[in-house]
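A short worksheet on the structure shown next.
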Amino acid sequence: MDLMQFIKEDFSRWQSFTIIPRPAMHVPGGVLELMPICDNEKYYTFKYVNCHPKNTLIGKQTVVATGQISEINTGYPLMFSEMTLLTALRTAATSALATDLMARKNACTLALIGTGAQSEFQVRGLQLVRDIKEVRFFDIDPNAMNKFEKNLRGSRLKLVRCKNAQDATMDVDIITTITACKGHVDVIKNDWLREGVHINALGGDTVGKTELESSILPRCRIVVEYFDQSFVEGEIQRLSRKKAKKLVNAELFELVNGSKSGRIDDKEITLFDSVGIALEDYSALRLTLKLSEKYNIGEELNLTPMITNPKDLISTINLGEINEGTFLSGVKPYIM
Ligand SMILES: NC(=O)c1ccc[n+]([C@@H]2O[C@H](COP(=O)([O-])OP(=O)(O)OC[C@H]3O[C@@H](n4cnc5c(N)ncnc54)[C@H](O)[C@@H]3O)[C@@H](O)[C@H]2O)c1
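Heads up, the sequence shown is in this note's numbering, so the first residue is 99 and it goes up one at a time.
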């Protein structure tokens, strides 16, 4: 809830950030991304994140991330953090925020497609904003479904294991897609959608990776986080720029500040076409820094040379005998 509040606050200050669409490097089997953002008052943050959908076959996670927050008046780093968990938390908090602004008030049934690492966080997030009673879920991997069911057992939710995505999405109020597959995969088909449903499409988040049959888009009130990035990476990447401009109703900050609405009536189909933006990571790092100061937790990590004369950098290494050892003692790599 705190994180959702931080994200909401930061989206409401949208104009005071410098943000760019994230640079992405595509490699065989995945993508590597860097997500920088600068608050013009206090902080600069960046996150490094990947998406390698086949990693789970070799016992590694699909998405891992690290990040840093720096102060802008000196540029000095203040905190370096793991962000794999923070990514799951901020993604859940952001889709909860969007759902709160877009889904019908009485929405209580959820279809969750893709029960991997992010999935339980999504359910927990949505429970903060709607009285979710039933979760219908599906994944192409039965083991991922077993894990999801086990983790949510005891949550007082009615969990309905479905045989396919169509079965899962039947008659629900909210659909969340969070699958990992690098390709234009029609995880959800247009024919299955009923009036009034709200969709959080989260897994289509890079070039060449989408989850919705493209004919769904013209039927929806579409909200994105940041048009310039979403146009390259989101569901709307399959549209021409002109068509995308026409179909996208708002960027999320416009719902947060009340200048646009997320839903006009109970019959409308609404779509939060999420790709994940640097502002959400900024909020997560800002909250982490605040909590670590409040509770005095975290480890001290010295990644900035400690020198009395700031122009005397060379004194951090032993000039007499420059070899690999003296080089490494000055550079101090932390191996992960
Ligand atoms: N929008 C955002 O802000 C955001 C943030 C984090 C992750 N993501 C994206 O979310 C996706 C999931 O991430 P994760 O960490 O949970 O990955 P994961 O690999 O742990 O889980 C993905 C699951 O999707 C399942 N799947 C793949 N294709 C499917 C299909 N056609 N139908 C049903 N299930 C299918 C896989 O079997 C797997 O269990 C990734 O694509 C990632 O890039 C988006």
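Even for Gly, the Cβ is constructed at its ideal location relative to N, Cα and C.
On a predicted model such as this, the values are computed, not experimentally measured, just so you know.
Pick from the options that is closest to residue i, judged by C-alpha positions
{"i": "L385", "options": "Q166, D265 and I117", "result": "Q166"}
{"i": "T402", "options": "I135, P175, W290 and N249", "result": "P175"}
{"i": "A191", "options": "P431, S217, S328 and K344", "result": "S217"}
{"i": "V322", "options": "S312, P316, E333 and I314", "result": "E333"}
{"i": "I135", "options": "Y146, C149 and T116", "result": "T116"}
{"i": "E169", "options": "K140, K343, H296 and E131", "result": "K140"}
{"i": "E107", "options": "K245, E311, C279 and D137", "result": "D137"}
{"i": "L210", "options": "Q264, I412 and F325", "result": "Q264"}
{"i": "V233", "options": "N241, F246, D239 and P240", "result": "F246"}
{"i": "T160", "options": "L337, A186 and D410", "result": "A186"}
{"i": "R120", "options": "D303, T308 and E311", "result": "D303"}
{"i": "G128", "options": "G214, V162 and V330", "result": "V162"}
{"i": "L155", "options": "N241, N171 and K145", "result": "N241"}
{"i": "Q113", "options": "A342, N355, N421 and T267", "result": "N355"}
{"i": "G214", "options": "N171, G252, T274 and K231", "result": "T274"}
{"i": "I118", "options": "P408, K231, N421 and A376", "result": "A376"}
Residue i and residue j closer than 8 Å at C-beta
{"i": "A205", "j": "I286", "result": "no"}
{"i": "G306", "j": "G281", "result": "yes"}
{"i": "R222", "j": "G294", "result": "no"}
{"i": "M243", "j": "R254", "result": "no"}
{"i": "I367", "j": "L291", "result": "yes"}
{"i": "L369", "j": "I276", "result": "no"}
{"i": "F351", "j": "S110", "result": "yes"}
{"i": "G374", "j": "A278", "result": "no"}
{"i": "L130", "j": "N153", "result": "no"}
{"i": "T143", "j": "Y432", "result": "no"}
{"i": "D371", "j": "S328", "result": "yes"}
Exposed unless 16 or more other CB atoms sit within 10 angstroms - verdict on residue i
{"i": "M123", "result": "exposed"}
{"i": "E180", "result": "exposed"}
{"i": "P151", "result": "buried"}
{"i": "G157", "result": "exposed"}
{"i": "D237", "result": "buried"}
{"i": "L184", "result": "buried"}
{"i": "G448", "result": "Nothing in the structure corresponds to residue 448, since the chain is present only between 99 and 434."}
{"i": "I105", "result": "buried"}
{"i": "M133", "result": "buried"}
{"i": "L315", "result": "buried"}
{"i": "R339", "result": "exposed"}
{"i": "E418", "result": "Looking at the sequence itself, residue 418 is Gly, so the reference to Glu does not match. By the 10 Å Cβ count, G418 comes out exposed."}
{"i": "I423", "result": "The sequence shown places Gly at residue 423, rather than the Ile named in the question. Flag for G423 reads exposed."}
{"i": "K248", "result": "exposed"}
{"i": "E331", "result": "buried"}
{"i": "V346", "result": "buried"}
Cutoff 7 Å; reference residue i; Cβ partners in own chain excluding five residues on either side
{"i": "L226", "result": "M99, M102 and A194"}
{"i": "D229", "result": "C206"}
{"i": "T414", "result": "P403, I405 and G428"}
{"i": "A266", "result": "A209, I211, R234, F235, F236 and C260"}
{"i": "A342", "result": "F329 and I334"}
Contact with chain D by residue i, beta-carbon distance below 8 Å
{"i": "T414", "result": "Although the question refers to chain D, the structure presented lacks it and comprises just one protein chain."}
Neighbourhood of residue i by C-beta distance below 6 Å, restricted to the same chain and skipping five residues each side
{"i": "R188", "result": "E378 and A382"}
{"i": "A348", "result": "V321 and K358"}
{"i": "S313", "result": "N288"}
{"i": "L310", "result": "I286, A299 and E333"}
{"i": "L387", "result": "I167 and M177"}
{"i": "K145", "result": "M133, A163, G165, M181 and D379"}
Own chain residues within Cβ distance below 8 Å of residue i, not counting five before or after
{"i": "G396", "result": "M177 and S390"}
{"i": "D269", "result": "T207 and R292"}
{"i": "N262", "result": "F236"}
{"i": "L250", "result": "E218, V221, V233 and L257"}
{"i": "K353", "result": "Here the sequence assigns Leu to residue 353, which means Lys is not the residue at that position. A196, L199, M200, V321, S359 and G360, listed in sequence order."}
{"i": "L411", "result": "P403 and I405"}
{"i": "F425", "result": "I415"}
{"i": "N394", "result": "none"}
{"i": "L399", "result": "F178 and Y432"}
| Every unbroken alpha helix (DSSP H) inside the stretch 268-350 [4 residues or more] | If we require 4 residues or more, the alpha helix (DSSP H) runs fully inside the stretch 268-350 come out as 325-331 and 339-345.
| message | Ignoring anything shorter than 4 residues, give me the alpha helix (DSSP H) runs that lie fully in the stretch 152-208, in order along the chain. | response | Those alpha helix (DSSP H) runs which fall completely within the stretch 152-208 and span 4+ residues are 182-200.
| said: Which complete beta strand (DSSP E) runs does the stretch 345-400 hold, if anything under 3 residues is left out? | reply: Listed in chain order, the complete beta strand (DSSP E) runs (minimum 3 residues) inside the stretch 345-400 are 346-349 and 367-371.
| said: My parser needs the beta strand (DSSP E) runs of 3 or more residues fully inside the stretch 109-139; what are they? | reply: Fully enclosed beta strand (DSSP E) runs of 3 or longer: 115-117, 122-125 and 128-137.
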